[in-house]
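If you read the protein sequences in the order shown, they are chains A and B.
Position one of the first sequence corresponds to residue 1 (the UniProt record's numbering), numbered consecutively onward.
Position one of the second sequence corresponds to residue 1 (the UniProt record's numbering), numbered consecutively onward.
In this text, a Cβ means the ideal position worked out from N, Cα and C, and glycines have one as well.
What follows is a set of notes on a single structure, which appears directly below.
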Amino acid sequence: MRPASGDGPQLRTITVGGRTLRVSVRPGDGTLTPLLLMNGIGASLEVLQPFVDAVDPRREVIRFDVPGVGGSPKPVLPYTMMTFAPVVAGLLSRLGHREAVDVLGFSWGGGLAQQFAVQHRRRCRRLVLAATGTGSFMVPAHPRVLSKMLTPRRHRDPDYARTIAGEIYGGTMRAHPERAARALHAQSRLGPRRGYYYQLAAGAGWTSLPLLRLIQQPTLVLAGDDDPIIPEVNPRLMARMIPDGQLHLYRGGHLALVTEAPELAPVVDRFLS
Amino acid sequence: MSAAPRPDGQRAARSVPAAASTTGGDPDAGPERIAESATGLDMILTDAALGPLRRLVPPVSSSLRFTAALARRPRTVLGHTGRLVGEWGRIGLGRSEVTPGAKDKRYSDPAWSGNPMLKRAMQAHLVTAQTATQLVDAAALPYAHDERIRFSVTNIVEALAPSNSPALNPSAWKAAIDTGGRSAVSGTRRLVRDLSSAPRVPSMVEPDAFEVGKDLARTPGVVVLRTPVFELIQYQPTTPTVHAVPLVMVPPTINKFYIADLAEGRSIVEHVVGGGQQVFMMSWRNPDARHAEWGLDTYGQAVLDAMAAAERIAGAEQTGLMSFCSGGIITAMVLGHLAAIGQQDRVASATFAVTVLDQARGGTVGAFLDERSAQAATRASAKKGYLDGATLAEVFAWLRPNDLIWNYWVNNYLQGKPPAAFDILYWNADTTRMTAALHRGFLELAVRNSLTEPGAATMLGTPVDLSAVTVDNYVVAGIADHLCPWQSCYATTQLLGGDSRFVLSTSGHIASLVNPPTNPKSTWRTAPSDVPDADEWLASAHTEKGSWWTDYSRWVAERSGAEVPAPTELGGGGPVLGAAPGTYVFDK
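What follows is the structure in structure tokens.
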């Protein structure tokens, strides 16, 4: 018998298709479709905790660390969006989910989510794309912002995260840059650098532009009006190109899903219900 | 037991048990025994930093001594090689009567004796292996050189066994025929998978054979404290009353804590909780390059933090400590620190399981640990920021190549079969890193043997004098432990100032710990530990049936204060940070 607090997130380690992933499952009550979260680049699953806490408690929420990030072992071989999507599908099977789940992709995870929605159509019921773009072919961010995204330093060095947070994340980070280091768990989690670069490489040369028309699931595109990484024109374009897409533009920056979770989680809940 | 066999003086070549038998086949070479030899002592840290290859190639100085020693004994060498050539001749003619030792399961397939070609290959290998060992015996090298040369020779000879060859091993052929060639495909796939990432040795368990939190580390409890260094788990009492003094467990700093909390019925934690103890477990963070500076002091302070939390939650002024392997080294130093600042009455009892504090002579390990290689190892880990657990796993495997490499080589690759699922081996494969500073700290302790000398080591700014530690202590060792020889563990009773109870369990490093009362074969020995010499102690010891866990439960209960109603709520009113086994245990 587990003590009362045992209904919190359960961590486990699962090996699928040669990839070992640290996985967290917050149990729900089974009345709602489970929600699978796909995370931003270099971010451990802990980063999404504020969002998970804010989402309807009846919803089962699944998170994982990509290879080499957070608590997952570093990858030996690189992967691409196309080869990693089946790993995620295998992960769902191992967790006992034969039915479709809802998928939320945040930032880098949004790219994976688009790939997953097309490649594993029957495993994905509804799709939420938060603070994400279409990959290599999109209206790019300012080069100054992009150059800072090319290294995992902001995940390793809290002081650095503080100095650049406003510029690259926008929104409330401009006024409270110290919250970025906390939001990124820069103190508590870290993968080896290789994990970050493989994650970066998985998205390099990849684009969802040809995929957008193929996304058949009802899709919510969630984006901030002050997100230096994803200029606003991109989500507008995505929402228009996805056949069953709708746009929700919020006031804020790139990390708002995490830092302003109480405001955004209900938007997601409403869309999924 | 050391990795190298001792000379037994036997010369007749009728049956060949000596050369390879300590590692080659044993009647009970089941996973239990393999697990024993798989894991171990943090003192092999030198090799883990420098890589296992260093061991396979003996140092030039040892090789020179070996050659020189043999050159001084030409007649012996001629005798051995002459007999070898003669035996080869008889093998070629099919007249040799050489048979493998009864315990050698490498050649258990009847084809090895039935097929003339296979029989010759086997016999030639057996006599060559025996001659190689005899030559090492004949050289009569000093201890350290002998260990090194013997290690290399044994490894090379065992690698060349015909049973390891895919072309010769009949079980490989049979598997390929039975599966229509699929075994060869899956064997190759396993080989590629194993070689693609460290540890580059055959896997002893499938990566998904068990699940932590579900099959292992499943005793119910909650995380009551999380620091950057460790999480503290409080276990749910299962008895209506508990002892007032909490018991804090200090696990090894290599591999995860759940060696003390394996599958149901095989968990010391579960057993001790069932004995009415309020048990707290430290779960060390799997450190990475950022934590390079965490040294012995960091880990010592962590033990103090865990004690303080346990005392607060249990509302007690004292704590009992139970430590394992390298966790015991840290615990002993913390006790020295508490004695130095006049606070050792905070500790109700101290337990040291398979812990070596006196490193005077640690078998193979000791022979390979000299100051120069220790420094090289320290530099290597300092450059990286940590010592890699996977490399350490390779080193452990090469300590007993027949049990841990070639056995799985045949099973996984030649026969293409998955290895059997065994919880200890799963735990063993779940490696962790060790910070560079802690690695340096342990090596310095080992090279100078600082804990045997009052004041030679410090903890948190105070000198450590173990003879000033007057806490009652319980010391347990395994009779077949080749990493922490029981005699070295026994020395702890002579180092500490308090009353000692020494208990000698059956089997080796890990299996002596995982020794539940349900095991019908287990026994343990005990005797008063007032004699300085371990072998004298053994002579006076009497054997008890059952597991030492029962004895320990009784011993610690006597030192855990009054019985009070079990707490209805975990965490003592403080925040509860999640369910056991916590989050750190999942970090790869």
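Ranked by how close their Cα comes to the Cα of residue 108(B), the residues 83(B), 171(B), 121(B) and 89(B) have 171(B) in first place. DSSP places residue 57(B) in the coil class of the three-state scheme, outside both helix and strand.
Between residue 36(A) and residue 118(A), the C-beta spacing is not below 8 Å. According to DSSP, residue 250(A) shares a beta bridge with 224(A). Chain B places no beta carbon closer than 8 Å to that of residue 86(A), leaving this residue out of the contacts. The three-state secondary structure of residue 260(A), taken from DSSP, is coil. When DSSP states are grouped into helix, strand and coil, residue 14(A) belongs to the strand group. Residue state for residue 317(B) is assigned as coil, using DSSP reduced to three classes. The shortest CA-to-CA distance from residue 513(B) to any of 534(B), 528(B) and 325(B) is the one to 325(B). A check of alpha carbon separations from residue 304(B) across 248(B), 294(B) and 314(B) identifies 248(B) as the nearest. Residue 233(B) and residue 225(B) have their C-alpha atoms roughly 7 Å apart. Inside the region 117–198 of chain A, DSSP marks whole alpha helix (DSSP H) runs of 4 or more residues at positions 143–149, 153–156, 158–169 and 178–183, from first to last along the chain. Straight-line measurement puts the Cα of residue 91(A) at about 14 Å from the Cα of residue 207(B). Contact annotation: residue 460(B) and residue 345(B) have beta-carbon atoms that are not nearer than 8 Å. In the displayed model, residue 505(B) falls within a strand according to three-state DSSP. The three-state reading of DSSP puts residue 462(B) in strand, counting E and B together. DSSP, read as helix, strand or coil, puts residue 62(A) in strand. Those residues of the region 201–230 of chain B placed with their C-beta closer than 8 Å to a C-beta in chain A are 207, 208, 211, 212, 213, 214, 220, 221, 222 and 228, ordered along the chain. Considered as a whole, the region 360–425 of chain B harbours 363–368, 371–384 and 389–399 as its complete alpha helix (DSSP H) runs of no fewer than 4 residues, in chain order.
Relative to residue 135(A), the option among 206(A), 160(A), 146(A) and 44(A) whose CA is nearest is 206(A). Counting other Cβ atoms within 10 Å of its Cβ, residue 121(A) stays below 16 and is therefore classed as exposed. Contact with chain A is found for residue 588(B), since one of that chain's Cβ atoms lies less than 8 Å from the residue's Cβ. In the DSSP assignment, residue 246(B) falls within the beta strand (DSSP E) that extends over 246–250.
Annotation: the continuous beta strand (DSSP E) that includes residue 524(B) extends over 523–528. For residue 102(A), the enclosing beta strand (DSSP E) covers residues 101–106. Here residue 139(A) is exposed, its C-beta having fewer than 16 other C-beta atoms within 10 Å. Between residue 87(A) and residue 16(A), the CB-CB gap stays under 8 Å. A Cβ-Cβ separation of about 5 Å places residue 314(B) in contact with residue 278(B) under the 8 Å criterion.
The beta carbon of residue 93(A) does not come within 8 Å of any beta carbon belonging to chain B, so the residue lies off that interface. Bridge pairing for residue 20(A): 15(A) [DSSP].
In this structure, residue 387(B) and residue 397(B) do not form a Cβ contact; the two beta carbons are roughly 16 Å apart against a cut-off of 8 Å. Beta-bridge partners assigned by DSSP to residue 216(B): 212(B). Considering only 22(A), 238(A), 124(A) and 42(A), the residue with the shortest C-alpha distance to residue 153(A) is 42(A). Per DSSP, residue 328(B) has no beta-bridge partner at all. At the C-beta level, residue 129(B) and residue 80(B) stay beyond 8 Å of one another. Close to residue 193(B), with beta-carbon spacing below 9 Å, are these residues of chain A in chain order: 18.
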